[in-house]
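> Anchor point for the sequence shown: position 53 equals 263 in the numbering used here, and the numbering is continuous, going up by one each time. C-beta atoms are modelled at their ideal positions from N, C-alpha and C, and glycine is treated no differently. Here the structure is a predicted model, which is why all the values come from computation and not from measurement. Structure provided below as structure tokens; questions to follow.
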Amino acid sequence: MNVSLQIRDVPGEVRDAIAALAAANGQSMQGYLLELVRREARVARNRTLFDRLAGKRVRGLVVDDIVTTIRRGRDDPDRADPDVA
Numbered sequence: 211m212n213v214s215l216q217i218r219d220v221p222g223e224v225r226d227a228i229a230a231l232a233a234a235n236g237q238s239m240q241g242y243l244l245e246l247v248r249r250e251a252r253v254a255r256n257r258t259l260f261d262r263l264a265g266k267r268v269r270g271l272v273v274d275d276i277v278t279t280i281r282r283g284r285d286d287p288d289r290a291d292p293d294v295a
């Protein structure tokens, strides 16, 4: 559901700067500001997700251990070859 937003008391120089940025991008002020608001909302969602996942990190893993485990799996003779039908 779409809603309208309104910003009051925007200083003239701020409005002019936004109008210039929008024009430089070939956009209307409406389009420019909508893109800006969407981007900020996306960043906020990503930050929230990152913060939530950061607490679930597996600690103590070393890159060499991960590489060794992957190589063992690849070298396993009992491993089915995904390229063979």
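Go to glutamine 216, then tell me how far its alpha helix (DSSP H) extends in each direction, as first and last residue.
Taking the sequence shown and counting its residues from 1, one reaches residue 216 at position 6. Segment: none, glutamine 216 is in no alpha helix (DSSP H) and carries neither H nor E.
> What is the DSSP secondary structure of methionine 239, counted as helix, strand or coil?
Stepping through the sequence shown from its first residue, residue 239 is reached at position 29. Residue state, collapsed to three classes: helix.
> Helix, strand or coil for valine 247? Go by DSSP, reduced to three states.
The count along the sequence shown starts at 1 and reaches residue 247 at position 37. Looking at valine 247 - three-state DSSP - the assignment turns out to be helix.
> With the cut-off set at 7 angstroms, would you say methionine 239 and isoleucine 228 are in Cβ contact?
Sequence index remark: in the sequence shown, residue 239 carries index 29 (1-based). Sequence index remark: in the sequence shown, residue 228 carries index 18 (1-based). For methionine 239 and isoleucine 228, yes; Cβs fall inside 7 angstroms.
> Is it true that the CB of alanine 232 sits closer than 7 angstroms to the CB of tyrosine 242?
In the sequence shown, the residue the question calls residue 242 occupies position 32. In the sequence shown, the residue the question calls residue 232 occupies position 22. The criterion of a C-beta distance shorter than 7 angstroms is satisfied by tyrosine 242 and alanine 232.
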